[in-house]
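A.B. asks: Handing you this structure, nothing more for now.
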Amino acid sequence: MATKPTKLIVNCSTGERTVVELTAAEIAEREQMAQEAEAQRLAEEQAAADLQALKDSAKAKLIAGEPLTAEEADTLVL
Amino acid sequence: MKKTLIERIEVGSGGAASILLDAIPQTYTDLYLVISIRNNRSAAAAEEKIYFNGNTSNFSTRYLEGSGAAAATGVISGRGFAGVEVGNTSTANTFSSTAIYIPNYTSGNAKSFSSDSVQENNATASAQYLVAGRWSDTAAITSITIDSGFTLLEYCSASLYGVTAGNDGTTTVS
């Protein structure tokens, strides 16, 4: 049987240290938070990549003298 | 200014899901937290996250990132992003190093914090972050949780210092 994850608690006023097993609810909450954080990180990376792609496209079109889309033009407005 | 070690904690052989620094004395001016972490994620690195008073969401951060290949900036909200932790595929026996400064932690206003965080990895890709954060809560900070969602491995450590204003901690600054 796998051991349950634990949290290390330090009482900074008394110095007392305790190791407490996570409850099932805490484990589930932690797993959900990790999944959400990972999904959010991936979304942020995708958003950054999409923005860079728009900028690259806008730059290429400017150099070639082609019209930009509204989305591409937005990337040039500070 | 005087810096006093409040607590230093090191993770034992079984690892730990998180570290909770609880019942932080309210007698200092600022807090300074130094963290050394390696976790069990099957990747080179993971986000380092901290929470105040058990609150996981009232955070907003801006960061500068150097990945080893490029520089970037970004915004992260809704979690206490504090930098980077070494994951378990980074060079063996390496740990991340993060220093977090939390001024006026007993204030009745929103709190700010800043973090200087580096991964350690014998590879081109090794990240470093400078983070400016805000915790939108008026409660005094009484506890800090270090929890990235991955297991903290043996020898991870956290040292919490209290910083007192004044040149020797007893001088009144006005």
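Each protein sequence line maps, in turn, to chains A and B.
Residue 63 in numbering that gives the first Met the number 0 sits at position 64 of the first sequence; the count goes up by one each step and never skips.
Residue 106 in numbering that gives the first Met the number 0 sits at position 107 of the second sequence; the count goes up by one each step and never skips.
A virtual CB, placed ideally from N, CA and C, is assigned to each residue, including glycine.
Values in this document were obtained by computation on a predicted structure and should not be read as measured data.
1) Three or more C-beta pairs closer than 8 Å, one from the segment 102-110 of chain B and one from the segment 79-86 of chain B: is that the case here?
2) Tell me, please, whether the CB atom of Met-0 (chain A) is closer than 9 Å to any CB atom in chain B?
3) From this set, B:Asp-21, B:Gly-107, B:Ser-56 and B:Gly-13, which residue's C-alpha is nearest Arg-20 (chain A)'s C-alpha?
4) By the 7 Å beta-carbon criterion, what residues does the segment 21-37 of chain A contribute toward chain B?
5) Identify the continuous beta strand (DSSP E) that holds Ile-23 (chain B) and give its terminal residues.
6) Taking only the alpha-carbon atoms, compute the straight-line gap between Ala-33 (chain A) and Gly-148 (chain B) and give it to the nearest angstrom.
7) Between the Cα of Arg-37 (chain B) and the Cα atoms of B:Ala-109, B:Gly-107, B:Ser-116 and B:Ser-142, which residue gives the shortest distance?
8) Since Thr-163 (chain B) meets chain A, which of its residues come closer than 9 Å, beta carbon to beta carbon?
9) At a CB distance below 7 Å, what residues from the segment 77-101 of chain B approach chain A? Give them in sequence order.
10) Identify the residues that DSSP records as bridge partners of Lys-2 (chain B): which are they?
11) Measure the alpha-carbon distance for Asn-87 (chain B) versus Arg-40 (chain B) and round it to whole angstroms.
12) Could you tell me whether the segment 143-163 of chain B touches the segment 42-56 of chain B, using the rule of 3 or more Cβ pairs below 8 Å?
13) Kindly list, in the order they appear in chain A, the residues whose Cβ is closer than 7 Å to that of Val-130 (chain B).
14) Using a beta-carbon distance below 9 Å, is Leu-41 (chain A) in contact with chain B?
15) Taking only runs that begin and end inside the segment 61-103 of chain B, name each unbroken beta strand (DSSP E) of 3 or more residues, in chain order.
16) Check whether chain B comes within 9 Å of Leu-7 (chain A), counting only Cβ atoms and requiring the distance to be less than that.
17) Kindly say whether Ala-48 (chain A), judged by its beta-carbon, lies nearer than 9 Å to any beta-carbon of chain B.
18) Go through its chain and collect everything with a Cβ distance to Arg-40 (chain A)'s Cβ below 7 Å, but skip five positions before and after it.
19) From the beta carbon of Leu-32 (chain B), is the nearest beta carbon of chain A less than 9 Å away?
20) Classify Ser-89 (chain B): buried if its beta carbon has 16 or more other beta carbons within 10 angstroms, exposed otherwise.
21) Starting from the C-beta of Leu-4 (chain B), find all residues in its chain whose C-beta is less than 7 Å away, skip the five residues before and the five after it, and write them out in chain order.
C.D. replies: Put simply:
1) no
2) Here residue 0 (chain A) refers to the residue found at position 1 when the first sequence is read from its first residue. Confidence in Met-0 (chain A) is poor, its pLDDT being 47 and thus under 50, which makes the residue's placement too unreliable to answer from.
3) To locate residue 20 (chain A), count along the first sequence from 1; it is residue 21. Checking the displayed sequence, the identity of residue 20 (chain A) turns out to be Glu instead of Arg. For Glu-20 (chain A), the nearest C-alpha among the options comes from B:Gly-13.
4) Leu-21, Arg-29, Met-32, Ala-33 and Ala-36
5) Here residue 23 (chain B) refers to the residue found at position 24 of the second sequence. Unbroken run through Ile-23 (chain B): none, as it is neither H nor E.
6) In the first sequence, residue 33 (chain A) corresponds to position 34, counting from 1. In the second sequence, residue 148 (chain B) corresponds to position 149, counting from 1. Between Ala-33 (chain A) and Gly-148 (chain B), the C-alpha separation is close to 5 Å.
7) The count along the second sequence starts at 1 and reaches residue 37 (chain B) at position 38. Closest by alpha carbon: B:Ser-116.
8) The count along the second sequence starts at 1 and reaches residue 163 (chain B) at position 164. Ordered by position in chain A, no residue passes the 9 Å Cβ test against Thr-163 (chain B), which lies about 15 Å from the chain.
9) Arg-78
10) Within the second sequence, numbered from 1, the residue matching residue 2 (chain B) stands at position 3. DSSP output for Lys-2 (chain B) lists B:Val-162 as bridge partner(s).
11) Counting from 1 along the second sequence, the entry for residue 87 (chain B) is found at position 88. Counting from 1 along the second sequence, the entry for residue 40 (chain B) is found at position 41. Going by the C-alpha atoms only, they are around 6 Å apart.
12) yes
13) Looking up residue 130 (chain B) in the second sequence gives position 131. Simply none; closest approach about 15 Å.
14) On the first sequence, residue 41 (chain A) is found 42 positions in, with the first residue counted as 1. False, the Cβ-Cβ gap to chain B never drops below 9 Å.
15) 70-76, 80-85 and 95-101
16) Reading the first sequence from its first residue, position 8 is the one you call residue 7 (chain A). Output row for Leu-7 (chain A): interface = yes.
17) As a working note, residue 48 (chain A) is residue 49 in the first sequence. Not closer than 9 Å to any Cβ of chain B, the Cβ of Ala-48 (chain A) fails to qualify, so no.
18) As a working note, residue 40 (chain A) is residue 41 in the first sequence. Result list for Arg-40 (chain A): empty, nothing under 7 Å.
19) Along the second sequence, read from residue 1 onward, the residue named residue 32 (chain B) stands at position 33. It does not; no Cβ of chain A falls within 9 Å.
20) For this step, residue 89 (chain B) is matched to residue 90 along the second sequence. The residue in question, Ser-89 (chain B), is buried, as its Cβ has 16 or more Cβ neighbours within 10 Å.
21) Against the second sequence, residue 4 (chain B) aligns to sequence position 5. So the qualifying residues of the chain are Ser-158 and Tyr-160.
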